[in-house]
Amino acid sequence: MAGQSDPQLNLFSAEEVEFVAEDEMLEIVPNMRMDSLHLICLTQILEAERDSQGSFQILPFHYVEISKLLFDHARDDVPDMYLVRSLIEDIRDVRFHKVETSLESIDTRTSAVKIKDLSAMEVNIVRPFVVRALQAIYKHGNPELVPDQDRITNMQTQGHEHGQRRPLRRR
Numbered sequence: 001m002a003g004q005s006d007p008q009l010n011l012f013s014a015e016e017v018e019f020v021a022e023d024e025m026l027e028i029v030p031n032m033r034m035d036s037l038h039l040i041c042l043t044q045i046l047e048a049e050r051d052s053q054g055s056f057q058i059l060p061f062h063y064v065e066i067s068k069l070l071f072d073h074a075r076d077d078v079p080d081m082y083l084v085r086s087l088i089e090d091i092r093d094v095r096f097h098k099v100e101t102s103l104e105s106i107d108t109r110t111s112a113v114k115i116k117d118l119s120a121m122e123v124n125i126v127r128p129f130v131v132r133a134l135q136a137i138y139k140h141g142n143p144e145l146v147p148d149q150d151r152i153t154n155m156q157t158q159g160h161e162h163g164q165r166r167p168l169r170r171r
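Take the sequence shown: its letter number 153 is residue 153 in UniProt numbering, and every next letter is one higher.
Quick look at the structure:
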């Protein structure tokens, strides 16, 4: 896949995921005097994440990347920036702990993993581990289920040598 930093793992770097997040539409209402926000939403989300062990709170898909962009480029526009950053990191840490505990339940009968409401960065970080873990489980449980890369490569090269190609007819 073009643009991937490591084609073996299908893993995007943090910068590549951030680049994709730059296409996210945000509505910023300028020239309007508002009362100050008191971080109610972030603290409520953090409490809700801690309280609900079985599920994730619905957050914007690119919340990690957008917050990083805001901290990097609109630092002066975010009041209590360090507190906001700390709350976002706490939310992220709680969510990663949930991911880790949910992945501990993978066993030999697991054929797929579905985790709802993860953000783009969380999916990007977790994906290589989940893929490798499932491959290891398949390999130890039933080696025939795991495709052998050498055998697939040999089959593809042999498949092209079998017959001659037919010329296409003109219309």
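Cβ atoms here follow ideal geometry from the backbone N, Cα and C, with glycine treated the same way.
Taking E65 as reference, the option from Q57, M25, T43 and R132 with the minimal CA-CA separation is M25. Measuring C-alpha to C-alpha distances from E100 to each of I28, G54 and L69 identifies G54 as the nearest. Ranked by Cα distance from A112, the options R127, E18, K98 and Q57 are led by R127. Taking 8 Å as the upper bound for CB-CB distance, L46 and D90 are in contact here, some 6 Å apart. Taking the CA atoms as reference points, F56 sits about 53 Å from R165. The three-state reading of DSSP puts L83 in helix, counting H, G and I together. Under the DSSP assignment, G54 falls outside any alpha helix (DSSP H); it carries neither an H nor an E label. Collapsing the DSSP output to three states places R132 in a helix.
When the beta-carbon positions are compared, A14 and H62 stay at least 8 Å from each other.
No residue range can be given for D77, since it is assigned to no alpha helix (DSSP H) and is classified by DSSP as neither H nor E. Secondary structure at M121: helix, using DSSP grouped into helix, strand and coil.
The criterion of a C-beta distance shorter than 8 Å is satisfied by L42 and V84.
Counting the other Cβ atoms within 10 Å of the Cβ of N31 gives fewer than 16, which makes it exposed.
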